[in-house]
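Report on the following structure.
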Amino acid sequence: MPDAPGLELIRGEIERDCPGAVLATSFDRAQAALIVDPEQVLDALRWLKEQPGQRYDFLSSLHAADYLPAEPRFAIHYELINRDRVERIRVKAMLEDARPAGPVSDSGLPLPGESSESSPPTGEALPEIDSCVELFPTAEAQEREAFDFFGIVFRGHPNLTRILLPDDYVGWPQRRDFPVGGEPVTFTYSEQQYD
Amino acid sequence: MTEQVVDRDREIMTVNVGPHHPATHGVLRLVVDLEGEMVRELRPVIGYVHTGIEKSCEDKSYWKVIPFVERMDYVSYFFQMEAYCGAVERLVDLEIPPRAKYLRTLFLELNRIHSHLVWLGTTALDLGAISMLWYCFRERDKILDLFEMACGQRMHTRYFQVGGVIEDIPVGFERKCRAFAEEMPIRVGQYQDLLDRNEVFLQRTKGTGTVSRERLLELGVSGPLLRAAGEPWDLRKAFDYLAYPEMDFKIPVGTVGDNYDRYRVRVAEMVESARIVVQCLDALPGGPFIADDRKYVLPPRSELSTSMESLIHHFKLVTEGYRVDPGEVYYSIESPRGELGCFVLADGSAKPARVHFRDPSFVNLQAFRDMAVDTYVADMIASLGMLDPILGGVDR
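These protein sequence lines map, in sequence, to chains E and D.
Counting in the working numbering, the first sequence runs from 886 upward without gaps.
Counting in the working numbering, the second sequence runs from 10 upward without gaps.
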């Protein structure tokens, strides 16, 4: 882990090369995190990976989290390792929940043909972020997992389909407002009730 | 499902392997494009044992999550517990006593040997060495006996708690465990005598499934697969957790990264793990086995009949659990398959807002295409065994 001053130094250097990329830093429970602008997340990741003297070139984990009811709601976490200095840093991109844009029909859904290309055919508006598969090929499956469970679209991902859930599944189950669900189980003594 | 291509010189046949096939080591489906015996394209299809454990964890108080996460990667359950308990301990800033650190290290290393034994037995079985399965499962049973002796359960022990371990090791455990740890290197030597220069085994593993070190790093592969390609990266050495800084052990590495190196690295790791077990027993410190913070740790049973305060703490912990201040922690350890990370997000309530596991099998499986494309079908099966995915961990 870089310590708190080390984190500010990294922030300052990224700020010099990619202005506006880092929005804030956090140093909580001995874990260093850079909170970056989701539009410039690739610039920040590329800087951390390729800048001489930094070399955070091993993406150990990419995962999403839902901070409902906070705004912005979603976050993508990138856990990077610098194997030479044996340091970890977390890059966090906070994403707003997408609101249906453009003309909206009476039912609240966007009109056909108006939805952006990357959205699934249901026309549901989804939050979007650039895919980092070009930089870190390991993110391929993990970005698909984040899409599968949170409905976060990774622009430029080679094959953004559901990975663990069935292809015809509807909904994004790891979102906090998705109910845990369940169905009534029929036991022999209660069978009559469900007839 | 077959697909005929007009060009008769180059016929591609698409074959479905699995999901129920003994050689896929779980419920993994492979859609393989074959040209004769050669694999030309490969798509692993996963998700057949997805049970939504991560979602279920959000509905449980912190201490009730432990048995859930154990059932993800069902061969290395102590590692799942350690990743989760360690993450929660870092969230609430709870220091665990030295004896608990040593006990956890001891059980993690026993579990590592157990996991590698299951891998060696089943993979050697895939390659035709049927007797290896019986030898490996004989030693595995001894480990399970040790688990049963200390924890009451053979698998899914729920032994690690937030703050330490649930119970001290019983009388006689140390002697039995030491006898096992001293016998294990001899047994490993016997396995090596059976396999190391076995002509069939060498032909099946030497030079097959080779992936370069650089490509493995790009794909985020960790653990024995990465070390077999010559990269000495082990989180036990790299980061400071549990009693590993005080342990004396080596990191076995391979040279070319073929299936034979993967076999050699894992077998050598078993010997190193047995050494760590002995060191843990030698240096096992006295003192409490669980932290003394009554806000997070259950009071001893004997206090309940005499202390009102203990009774209140016990009641609060069992009914509501403890609340954790908002925050997030990513904690990762070296599991038998690589980096096992646990991300826990707390929102101030008594239940975690998100529990995510970075499962090493899930990430390592991405390297399977590189291992198997343009090799024979038989080598693909050998590579899959040497990859050692646990589908319960992949699908969660």
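Backbone N, C-alpha and C define an ideal beta-carbon position, used for all residues, glycine too.
Nothing here was measured: the structure is a model prediction, and the numbers come from that model.
>> Runs of 3 residues minimum, wholly inside the segment 325-394 of chain D: which ones carry the beta strand (DSSP E) assignment?
In response: 336-344, 347-355 and 361-367
> Taking Cβ positions only, does PRO1043 of chain E come closer than 8 Å to chain D?
Replying inline: no
> Run through DSSP, which three-state label would ARG1060 of chain E get?
Replying inline: coil
> Mind listing which residues of the segment 911-927 of chain E have their C-beta closer than 9 Å to chain D's C-betas, in chain order?
Replying inline: ASP913, ARG914, ALA915, GLN916 and ALA918
> Considering only residues of the segment 37-96 of chain D, which uninterrupted alpha helix (DSSP H) runs meet the minimum length of 4 residues and lie entirely inside it, listed in chain order?
Replying inline: 62-66 and 75-79
> Does the separation of the CB atoms of PHE1035 of chain E and LEU1045 of chain E fall below 8 Å?
Replying inline: no
> Is ILE260 of chain D close to chain E, meaning its C-beta is less than 8 Å from at least one C-beta of that chain?
Replying inline: no
>> Taking the alpha-carbon of LYS259 of chain D as reference, which of D:LEU129, D:VAL84, D:ARG275 and D:ASP267 has the nearest alpha-carbon?
In response: D:ARG275
> Taking 8 Å as the CB-CB cut-off, is GLN375 of chain D touching chain E?
Replying inline: yes
> When we look at the beta-carbon of THR114 of chain D and count the other beta-carbons within 10 Å, is it buried (16 or more) or exposed?
Replying inline: buried
> Can a CB atom of chain D be found closer than 8 Å to the CB of LEU930 of chain E?
Replying inline: no
> Interface residues of chain D around ILE974 of chain E at Cβ under 7 Å?
Replying inline: Here the premise fails: no neighbours, minimum Cβ distance about 11 Å.
> Name the chain E residues whose beta carbon is nearer than 9 Å to that of ARG367 of chain D?
Replying inline: SER945, SER946, LEU947, HIS948, GLU964 and GLN1027
> At a CB-CB cut-off below 9 Å, which residues of chain E make contact with PHE352 of chain D?
Replying inline: SER946, HIS948, ALA950, HIS962 and GLU964
>> Buried or exposed for GLU981 of chain E, going by 16 or more other Cβ atoms inside 10 Å?
In response: exposed
>> By the DSSP assignment, the beta strand (DSSP E) with TYR963 of chain E in it spans what residues?
In response: 959-967
> Since THR23 of chain D sits in a beta bridge, which residues does DSSP pair it with?
Replying inline: D:ASP42
> DSSP three-state call for GLU176 of chain D: helix, strand or coil?
Replying inline: coil
> According to DSSP, which residues form a beta bridge with LYS246 of chain D?
Replying inline: None, per the DSSP bridge assignment.
> When the Cβ atoms of the segment 276-285 of chain D are set against those of the segment 99-111 of chain D, are three or more pairs found closer than 8 Å?
Replying inline: no
> Counting only beta-carbon atoms, is PHE88 of chain D nearer than 8 Å to chain E?
Replying inline: no
>> So that I know if they touch, is there some Cβ in chain A lying closer than 8 Å to that of ARG363 of chain D?
In response: Included in the structure are the protein chains E and D, with no chain A among them.
>> Quick check on ASP404 of chain D: buried or exposed, where buried means 16 or more other Cβ atoms within 10 Å of its Cβ?
In response: buried
>> Which residue wins for smallest C-alpha separation from GLU79 of chain D, given the options D:ALA391, D:VAL287, D:ALA376 and D:LEU349?
In response: D:LEU349
> On the three-state DSSP scale, how would you describe GLU1013 of chain E?
Replying inline: strand
>> Any beta carbon from chain D within less than 8 Å of LEU980 of chain E's own beta carbon?
In response: no
> Should PRO1051 of chain E go down as buried or exposed, given a rule of 16 or more other Cβ atoms within 10 Å for buried?
Replying inline: exposed
>> For a quick check, are the C-beta atoms of TYR340 of chain D and ALA252 of chain D less than 8 Å apart?
In response: no
>> Measuring alpha carbon to alpha carbon, tell me which residue in D:ARG346, D:PHE116, D:ASN268 and D:PHE156 is nearest ARG284 of chain D.
In response: D:PHE116
> Nearest chain D C-beta to VAL1065 of chain E closer than 8 Å, yes or no?
Replying inline: yes
> Among D:LYS69, D:ARG52 and D:LEU134, which has the Cα closest to the Cα of TYR2 of chain D?
Replying inline: Residue coverage of chain D in this structure runs from 10 to 405, which leaves residue 2 of chain D outside it and unanswerable.
>> Below 8 Å on C-beta distance, what does VAL1038 of chain E contact in chain D?
In response: In chain order: nothing, as chain D lies at least about 19 Å away.
> What is the rounded straight-line gap between the Cα of GLU935 of chain E and the Cα of ASP942 of chain E?
Replying inline: 7 Å
> Any Cβ of chain E within less than 8 Å of the Cβ of SER341 of chain D?
Replying inline: yes
>> Counting only Cβ-Cβ distances shorter than 8 Å, please list the residues of the segment 18-36 of chain D near chain E, keeping chain order.
In response: none
>> Does the CB of LEU400 of chain D have a neighbour CB from chain E at under 8 Å?
In response: no
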